[in-house]
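K.L.:
Quick look at the structure:
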């Protein structure tokens, strides 16, 4: 099927157009919203910086990228679909650079979620990535874009009025129809950001999803988790403005809290992440318990895997930094899951502040 959209059709569907094969489920960053001013690490290579039109500086935002349309790809180096997509996007890059209509006007930028610069270098060597890619080791861009999966591609239109860009569209998952995708980029070049402007607002969830269990069962499970620390008294579910799933009780004479964390998987082929984090009123982690944690091959974590995670997490403060180092912290065959767990714990400071404001700490 040939995908051709004339300007009239694009105008009629601006703000609600989905790339063929995309899902209709809305994400927090929708078509018509401004692309956030995310501070990204500048590429190290002169070639990549020149391609993007970047001047000196350790970081950059999308408004500094030269071009009228930027394809922003969120990927993870261990994601199978992301690896498959690299071949298609390499060919797309060649088509863009080889066509006078698109060369200089369309740019491609990869953002590697939960990866380091070293991971990107290895990925480039293995898959021959032609376009620039920068790291997002602590999920900052992932969260700002309201992402829930990789690969995830945003199509961002720019002009002088909107140098930071307006999202024209997004696509979840693998893209492998090169001809259709290239034609779509050409069609988008006939548009301007103002055609897609959207005046609404939606909350960004940054990958947080519904709990693994219904509320009543989740509460009973949380109470059982606390029993390992002593007699549980005054157990209750907290009604927090943030809507985070937190329970508290007096256990063995001290106040403890347990948060049921549920996060979407970064990779389309991976399973979502569900676990309990138990902490005291000072914010010190006293326990980690799995609800549903899997690794490569859909295997559940072993006791040894859980022991390693607990050794790394228990005793640390939720108020401290939880920067993930895959070479040290990753659970074998569960690197992305471990990264998501670390990112969730890294957001503990906000929860502690919320509990303090409510007089619960």
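Numbering (our numbering), first residue to last: 4 to 364.
Positions of the beta carbon are idealized from the N, C-alpha and C atoms, including for glycine.
By the three-class DSSP mapping on this structure, what secondary structure does residue 151 have?
P.N.:
The answer is coil: DSSP assigns residue 151 none of H, G, I, E or B.
K.L.:
Can you check whether the CB of residue 44 is closer than 7 Å to the CB of residue 137?
P.N.:
Against a cut-off of 7 Å, the Cβ pair of residue 44 and residue 137 comes out as a contact.
K.L.:
Check residue 196 in the structure and name its three-state DSSP category.
P.N.:
Three-state result, residue 196: helix.
K.L.:
If you draw a straight line from the alpha carbon of residue 325 to that of residue 224, how long is it in whole angstroms?
P.N.:
C-alpha separation (whole angstroms): 26 Å.
K.L.:
Tell me whether residue 251 is buried or exposed, calling it buried when 16 or more other Cβ atoms sit within 10 Å of its Cβ.
P.N.:
It is buried - the Cβ of residue 251 has at least 16 other Cβ atoms within 10 Å.
K.L.:
In or out: residue 261 buried (at least 16 other Cβ within 10 Å) or exposed?
P.N.:
Classification of residue 261: buried, given that the 10 Å Cβ count is 16 or more.
K.L.:
Using the C-alpha atoms, what's the distance from residue 92 back to residue 169?
P.N.:
One C-alpha to the other measures close to 22 Å.
K.L.:
Identify, in the order they occur along the chain, each residue of the same chain with its Cβ nearer than 7 Å to the Cβ of residue 60, setting aside the five sequence neighbours on each side.
P.N.:
Answer for residue 60: 45, listed in chain order.
K.L.:
Check the C-beta distance from residue 116 over to residue 153 and give it rounded, since I have them as a contact under 8 Å.
P.N.:
The pair is a contact, with the Cβ atoms about 6 Å apart (cut-off 8 Å).
K.L.:
Quick check: the Cα distance between residue 183 and residue 120, rounded to an integer number of angstroms?
P.N.:
Those two C-alpha atoms are separated by around 31 Å.
K.L.:
Ordered along the chain, which non-local residues of its own chain (more than five positions away) have a Cβ less than 6 Å from that of residue 39?
P.N.:
These residues qualify, in order along the chain: 147.
K.L.:
Name the one or two DSSP bridge partners that residue 187 has.
P.N.:
Paired residues: none, contrary to the question.
K.L.:
Put residue 230 into one of helix, strand or coil per three-state DSSP.
P.N.:
Reduced to three states, the DSSP call for residue 230 is helix.
K.L.:
Quick check on the DSSP output: what are the complete alpha helix (DSSP H) runs of length 4 or more inside the stretch 30-116, in order along the chain?
P.N.:
The qualifying runs are 49-55 and 83-101.
K.L.:
Is residue 71 closer than 7 Å to residue 166 when the C-beta atoms are compared?
P.N.:
Cβ distance not < 7 Å, so residue 166 and residue 71 don't count as in contact.
K.L.:
Looking at the strands, I want to know which residues DSSP matches up with residue 292.
P.N.:
Answer is 279.
K.L.:
Tell me, to the nearest whole angstrom, how far the beta carbon of residue 352 is from that of residue 321; I am working on the premise that it is less than 8 Å.
P.N.:
Indeed, because the Cβ distance is near 6 Å, the residues count as touching under 8 Å.
K.L.:
Would a check of beta-carbon distances place residue 125 closer than 7 Å to chain B?
P.N.:
In the structure shown, chain B cannot be found, because there is only a single protein chain.
K.L.:
If we count Cβ pairs, one from each stretch, closer than 8 Å, do we get three or more for the stretch 184-199 versus the stretch 102-114?
P.N.:
With the cut-off at 8 Å, the stretch 184-199 and the stretch 102-114 touch.
K.L.:
Just tell me which of 175, 162 and 307 has its CA closest to the CA of residue 198.
P.N.:
Taking only the C-alpha atoms, the option nearest residue 198 is 162.
K.L.:
Let me confirm a value: residue 175 is counted as buried when at least 16 other C-beta atoms fall within 10 Å, else exposed. Which label applies?
P.N.:
Counting Cβ neighbours within 10 Å, residue 175 comes out buried, since at least 16 surround it.
K.L.:
Which ranges would you report for the beta strand (DSSP E) in the stretch 136-182 if only whole runs of at least 3 residues count?
P.N.:
The stretch 136-182 contains these whole beta strand (DSSP E) runs: 136-139, 155-160 and 169-175.
K.L.:
Who are the Cβ neighbours of residue 329 in its own chain at under 6 Å, not counting the five residues just before and after it?
P.N.:
The residues are 338.
K.L.:
Start and end of the alpha helix (DSSP H) containing residue 125?
P.N.:
Where residue 125 is concerned, the enclosing alpha helix (DSSP H) stretches over 120-130.
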